[in-house]
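Visitor: Chain order of the listed sequences is B and D. Going by this note's numbering, the first sequence opens with residue 1, and the numbers climb by one from there. Going by this note's numbering, the second sequence opens with residue 1001, and the numbers climb by one from there. All residues carry an ideal CB built from backbone N, CA and C; glycine is no exception.
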Amino acid sequence: MTELLTPFATWRGRIAALVLVLLGLLPLYAPWLDAAGIISQKFALTLMTRVLILAIAAISLNLILGYGGIVSFGHAVYIGLGGYAVGIMAHHGVTNGFLQFPVAIGLSALFALAIGALSLRTRGVYFIMITLAFAQLVYYVGVGLEPYGGDDGLTINRRSDFAGLLPTRGPDKTTAFYVVSFVVLLLVLGLVHRLVNSRFGMALRGAKSNEQRMQALGMPTFRYRLTAFVIAGAICGLAGALLANHTEFISPAMMHWTRSGDLIVMVVLGGMGSLLGPVYGAVAFLLLEEFLPGLLKVVLTWLHDGVAAVLGPGAGALESWLRLAEYWQIALGAILILVVLYARGGIDSLFGRPRHG
Amino acid sequence: MAEAMLKVEGLVKRFGGLVATDNLSLDVRDGEVHALIGPNGAGKTTLIAQLSGFLRPDAGRITFTDRDITALPAAARVRLGLARSFQITSVLRDFTALDNVALAEQARQGHSFRFWQPARSDRSLRGPASAALEAVGLAHRADDPAASLSHGEQRQLEVAMALACDPRLLLLDEPMAGMGPEESARMVDLLRGLRGQRTMLLIEHDMDAVFALADRITVLVYGRAIATGTPAEIRANPEVRTAYLGESEGT
Chain B
1 MTELLTPFAT
11 WRGRIAALVL
21 VLLGLLPLYA
31 PWLDAAGIIS
41 QKFALTLMTR
51 VLILAIAAIS
61 LNLILGYGGI
71 VSFGHAVYIG
81 LGGYAVGIMA
91 HHGVTNGFLQ
101 FPVAIGLSAL
111 FALAIGALSL
121 RTRGVYFIMI
131 TLAFAQLVYY
141 VGVGLEPYGG
151 DDGLTINRRS
161 DFAGLLPTRG
171 PDKTTAFYVV
181 SFVVLLLVLG
191 LVHRLVNSRF
201 GMALRGAKSN
211 EQRMQALGMP
221 TFRYRLTAFV
231 IAGAICGLAG
241 ALLANHTEFI
251 SPAMMHWTRS
261 GDLIVMVVLG
271 GMGSLLGPVY
281 GAVAFLLLEE
291 FLPGLLKVVL
301 TWLHDGVAAV
311 LGPGAGALES
321 WLRLAEYWQI
331 ALGAILILVV
341 LYARGGIDSL
351 FGRPRHG
Chain D
1001 MAEAMLKVEG
1011 LVKRFGGLVA
1021 TDNLSLDVRD
1031 GEVHALIGPN
1041 GAGKTTLIAQ
1051 LSGFLRPDAG
1061 RITFTDRDIT
1071 ALPAAARVRL
1081 GLARSFQITS
1091 VLRDFTALDN
1101 VALAEQARQG
1111 HSFRFWQPAR
1121 SDRSLRGPAS
1131 AALEAVGLAH
1141 RADDPAASLS
1151 HGEQRQLEVA
1161 MALACDPRLL
1171 LLDEPMAGMG
1181 PEESARMVDL
1191 LRGLRGQRTM
1201 LLIEHDMDAV
1211 FALADRITVL
1221 VYGRAIATGT
1231 PAEIRANPEV
1241 RTAYLGESEG
1251 T
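This is the structure we're talking about:
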């Protein structure tokens, strides 16, 4: 029992618990936020479902990037594979989730096995280029899949059906799907926590720290790195299957290389090699993406009014100032640069150091 | 006469025009401490890299316990019982000293496809790892990150990691490199304690240490073994004296 409480002994642990509790209880306080006029319940749940799903994808990337030192620049390909598995099956009338999800996960794992077996023999820039190339290959296959909408994508008319356990239509479906996504997130967190602290995890982390030394200890590092690569692909495929259900739509854009870049940004922003880091990163990244333009508009209006008070009409029209908010990604870029320069461990490192190195 | 545990025949390694290992033959007998000496650039570390599987020789054959291991990957050689330490300290810097040795023990116990039980509370790993740290005199630093250890302590950790692989043959690449006299003396004591238990191939510049520890010595010059013999034979060998000992005594 006391062992269960040890995480709460540090601020790092308390904040992790707080973030998870806030995420988990959102369906309970979302109506209250709605009533208070802060944010509509449906919008909050829809946005945060997306956050949870991309957090799962980022956690899977962190397993290889943060713990294994494997810089995959094509990780979004598994979101696409998982999503297309669900979408294509649904298109052909196969909506049984107990069939769709294992196919999505299995397909992603197989693909990861193939890419990993080839690419993990290379290092550095070559590895990055190979993972990127494979991901782009699948992206263009998606673009060329005319029967499934090609570039325009494909609408999913029916969500995965889990023997009626999960409402697939009606007003409850948004909340139900949020809860399912949250439970999957917790399960994935638990799984990755176990993995990275097991013998397998120590072998993986050792190979990141000093691969040559690990081999000199008799550790055949390649097979552990490849296994981690496959597990990460499988988990990300699961995230893709969830995302397709969430948006009820698939398109090649899901696996565009910029999506892979977003996942890397989430992991780096949140904290590489920390269990909760990718969750923080996903929350921060997607909330900034959502609210930064609006926030910038407020700041720009305020600045404009200030300048106008001094210069009068010389300040120009407010509209031309507000257009600057379209470039909100510049602000995101600046935040990322600050994190890389001054907070190497990402958001997670702001809450104190982990107990183990 | 004891049997050869490690047999090297006609080994050749070239780097461009440089012949780092030049048709080298050598054998390490069961139970002996075999020292490898030679001036800088003689190809000692290149040889260790080939023996441990980090470099592929251009020609020749390496046999370990009657098995041809010339093409075997490094990790597989360790599992056969051929472990090495590094001249330039190579430890897992962000892991604790105990973690470093526990990883060696983990590798020795077989595959690491165990995904669920926490490794850091596994007694079957921590026990032997603690014992290995104790043996090299590092027990008090067990929970400190390897990066925070002094140079001498990291050298000790190197040896503890190699020992934790439970090798039949231990390849030691300058274990005393960069050590002060006191630390060196402790390392010599440690290695002397291992005599009779482990077969060792020892590369070392410290001649006092070599003559104190070695049963046989091979002298390497320009990638070739110019002489092999007991310390007394090597000391008396005129070719060795001009090629190596004379030169180092002169400096």
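Tell me which residues of the region 55 to 83 of chain B have at least one Cβ-Cβ distance to chain D shorter than 8 Å, keeping chain order.
Guide: Against chain D - using a Cβ distance shorter than 8 Å - the region 55 to 83 of chain B contributes no residues.
Visitor: Between Met48 of chain B and chain D, is there a C-beta pair that is closer than 8 Å?
Guide: Numbered from 1 along the first sequence, position 48 holds the residue referred to as residue 48 of chain B. Chain D contact via Cβ: absent.
Visitor: From Leu166 of chain B to Thr301 of chain B, what distance separates their C-alpha atoms?
Guide: The residue you call residue 166 of chain B lines up with position 166 of the first sequence. The residue you call residue 301 of chain B lines up with position 301 of the first sequence. Distance between the alpha carbons of Leu166 of chain B and Thr301 of chain B: 45 Å.
Visitor: Which residues in the same chain as Pro27 of chain B place their Cβ atom closer than 8 Å to its Cβ, once the five residues preceding and following it in sequence are excluded?
Guide: Along the first sequence, read from residue 1 onward, the residue named residue 27 of chain B stands at position 27. Excluding sequence neighbours, Pro27 of chain B sits near Leu45, Thr175, Tyr178, Val179.
Visitor: Output, in sequence order along the chain, the residues in the region 1059 to 1079 of chain D whose CB is closer than 9 Å to any CB in chain B.
Guide: Pro1073, Ala1074, Ala1075, Ala1076, Arg1077, Val1078, Arg1079
Visitor: Would Phe1015 of chain D pass as an interface residue toward chain E - the criterion being a Cβ-Cβ separation below 8 Å?
Guide: This model lacks chain E altogether, as its protein chains are B and D.
Visitor: With a Cβ-Cβ cutoff of 8 Å, do Ala1075 of chain D and Met219 of chain B count as a contact?
Guide: The residue labelled residue 1075 of chain D in the question sits at position 75 within the second sequence. The residue labelled residue 219 of chain B in the question sits at position 219 within the first sequence. For Ala1075 of chain D and Met219 of chain B, yes; Cβs fall inside 8 Å.
Visitor: Consult DSSP for Ala343 of chain B and reduce its assignment to one of helix, strand or coil.
Guide: Against the first sequence, residue 343 of chain B aligns to sequence position 343. In this structure, Ala343 of chain B counts as coil in the three-state DSSP scheme.
Visitor: Run down chain D in chain order and give the residues with a C-beta less than 9 Å from the C-beta of Met272 of chain B.
Guide: For the purposes of this step, residue 272 of chain B is identified with residue 272 of the first sequence, where counting begins at 1. Going along chain D, no residue has its Cβ under 9 Å from Met272 of chain B, so there is no contact; the nearest lies around 12 Å.
Visitor: With 9 Å as the limit, tell me which residues of the region 1036 to 1059 of chain D have their beta carbon closer than that to any beta carbon of chain B; keep them in chain order.
Guide: Listed by position, the residues of the region 1036 to 1059 of chain D near chain B (Cβ gap below 9 Å) are Ser1052, Gly1053, Phe1054.
Visitor: Is the separation between the beta-carbon of Val1012 of chain D and that of Asp1022 of chain D shorter than 8 Å?
Guide: Translated into positions along the second sequence, residue 1012 of chain D becomes position 12. Translated into positions along the second sequence, residue 1022 of chain D becomes position 22. A contact, by the Cβ cut-off of 8 Å.
Visitor: Applying the 10 Å Cβ sphere with the 16-neighbour rule, what's the burial state of Phe1015 of chain D?
Guide: If you number the second sequence from 1, residue 1015 of chain D lands on position 15. By the neighbour-count rule (16 or more Cβ atoms within 10 Å), Phe1015 of chain D is not buried but exposed.
Visitor: Is the region 127 to 146 of chain B close to the region 59 to 69 of chain B, with three or more CB pairs under 8 Å?
Guide: no
Visitor: Could you tell me whether the Cβ of Met1161 of chain D comes closer than 8 Å to any Cβ of chain B?
Guide: Here residue 1161 of chain D corresponds to residue number 161 of the second sequence, with the count starting at 1. By this cut-off, Met1161 of chain D is an interface position.
Visitor: Using a Cβ-based criterion (distance less than 7 Å to any ligand heavy atom), does Leu186 of chain B qualify as near the ligand SAM?
Guide: Within the structure as shown, the ligand SAM is missing, as the structure has no ligands at all.
Visitor: Let's see if you can read the secondary structure: which residues bound the beta strand (DSSP E) around Ala1227 of chain D?
Guide: The residue labelled residue 1227 of chain D in the question sits at position 227 within the second sequence. Residues 1224 to 1229.
Visitor: Going by CA-CA distance only, name the one from D:Met1179, D:Gly1223, D:Ala1225, D:Glu1174 that's closest to Ile1203 of chain D.
Guide: Counting from one through the second sequence, the residue named residue 1203 of chain D turns up at place 203. Minimum Cα distance to Ile1203 of chain D is reached at D:Glu1174.
Visitor: In the DSSP assignment, the beta strand (DSSP E) including Gly1010 of chain D goes from what residue to what residue?
Guide: Here the question's residue 1010 of chain D lines up with position 10 in the second sequence. Counting along the chain, the beta strand (DSSP E) containing Gly1010 of chain D begins and ends at 1004 to 1015.
Visitor: Pick helix, strand or coil for Arg1241 of chain D, following the three-state DSSP scheme.
Guide: To locate residue 1241 of chain D, count along the second sequence from 1; it is residue 241. Looking at Arg1241 of chain D - three-state DSSP - the assignment turns out to be helix.
Visitor: Determine the closest residue to Ala57 of chain B out of B:Val340, B:Ser181, B:Gly316, B:Arg353, with distance taken between C-alpha atoms.
Guide: Taking the first sequence and counting its residues from 1, the one referred to as residue 57 of chain B is at position 57. Out of B:Val340, B:Ser181, B:Gly316, B:Arg353, B:Ser181 has the C-alpha closest to the C-alpha of Ala57 of chain B.
Visitor: Would you list, in chain order, the members of the region 22 to 54 of chain B that have their beta-carbon closer than 9 Å to a beta-carbon of chain D?
Guide: none
Visitor: Give the secondary structure of Met1200 of chain D by DSSP, where H, G and I count as helix, E and B as strand, and everything else as coil.
Guide: In the second sequence, counting from the first residue as 1, residue 1200 of chain D sits at position 200. Reduced to three states, the DSSP call for Met1200 of chain D is strand.
Visitor: Could you tell me whether the region 231 to 245 of chain B touches the region 73 to 80 of chain B, where touching means 3 or more Cβ pairs closer than 8 Å?
Guide: yes
Visitor: Classify Pro1128 of chain D as helix, strand or coil using the three-state DSSP reduction.
Guide: Counting from 1 along the second sequence, the entry for residue 1128 of chain D is found at position 128. If DSSP states are grouped into helix, strand and coil, Pro1128 of chain D belongs with the helices.
Visitor: In whole angstroms, give me the CA-to-CA distance for Gly270 of chain B and Asp1027 of chain D.
Guide: Within the first sequence, the letter at position 270 stands for residue 270 of chain B. Within the second sequence, the letter at position 27 stands for residue 1027 of chain D. Spanning the two alpha carbons is a distance of roughly 55 Å.
Visitor: On the DSSP letters alone, give me the boundaries of the beta strand (DSSP E) that Phe73 of chain B sits inside.
Guide: For the purposes of this step, residue 73 of chain B is taken as the residue at position 73 of the first sequence. For Phe73 of chain B, no beta strand (DSSP E) run applies, since DSSP gives it neither H nor E.
Visitor: Please state if the CB of Glu1158 of chain D and the CB of Thr1096 of chain D are separated by a distance shorter than 8 Å.
Guide: In the second sequence, residue 1096 of chain D corresponds to position 96, counting from 1. In the second sequence, residue 1158 of chain D corresponds to position 158, counting from 1. No, the pair does not count as a contact, with Cβ atoms beyond the cut-off.
Visitor: In its own chain, which residues sit with a C-beta less than 7 Å from the C-beta of Ala1030 of chain D, not counting the 5 before and 5 after it?
Guide: Stepping through the second sequence from its first residue, residue 1030 of chain D is reached at position 30. A small fix is needed here, since residue 1030 of chain D is Asp in this sequence, not Ala. Counting only Cβ-Cβ distances below 7 Å, and skipping sequence neighbours, we find Ala1002, Glu1003, Met1005, Thr1199.
Visitor: Taking only runs that begin and end inside the region 227 to 300 of chain B, name each unbroken alpha helix (DSSP H) of 4 or more residues, in chain order.
Guide: 257 to 270
Visitor: For Lys297 of chain B, which residues from the same chain have a beta carbon less than 7 Å from its beta carbon, with the 5 sequence-adjacent residues on both sides left out?
Guide: On the first sequence, residue 297 of chain B is found 297 positions in, with the first residue counted as 1. Result list for Lys297 of chain B: Leu322, Ala325, in chain order.
Visitor: State whether the region 208 to 225 of chain B contacts the region 1098 to 1118 of chain D, with contact taken as three or more CB pairs (one from each stretch) at a distance under 8 Å.
Guide: These segments touch.
Visitor: Give the DSSP-derived three-state secondary structure of Ser198 of chain B in the structure shown.
Guide: Counting from 1 along the first sequence, the entry for residue 198 of chain B is found at position 198. DSSP places Ser198 of chain B in strand when its eight states are reduced to three.
Visitor: Within 10 Å of its beta-carbon, does Val138 of chain B have 16 or more other beta-carbons around it, so buried, or fewer, so exposed?
Guide: As a working mapping, residue 138 of chain B is identified with position 138 in the first sequence. A residue is called buried when at least 16 other Cβ atoms come within 10 angstroms of its Cβ; Val138 of chain B meets this threshold and is buried.
Visitor: Classify Thr1153 of chain D as buried or exposed, calling it buried when 16 or more other Cβ atoms lie within 10 Å of its own Cβ.
Guide: Within the second sequence, the letter at position 153 stands for residue 1153 of chain D. Thr is not the amino acid found at residue 1153 of chain D; the sequence shown has Glu there. Buried, because 16 or more other Cβ atoms sit within 10 Å of the Cβ of Glu1153 of chain D.
Visitor: Please list, in chain order, the chain D residues whose beta carbon lies closer than 9 Å to that of Ser349 of chain B.
Guide: Numbered from its first residue, the first sequence carries residue 349 of chain B at position 349. Simply none; closest approach about 14 Å.
Visitor: Of all Cβ atoms in chain B, is any one closer than 8 Å to the Cβ of Gln1197 of chain D?
Guide: Locating residue 1197 of chain D in the second sequence gives position 197, where the first residue counts as 1. Not closer than 8 Å to any Cβ of chain B, the Cβ of Gln1197 of chain D fails to qualify, so no.
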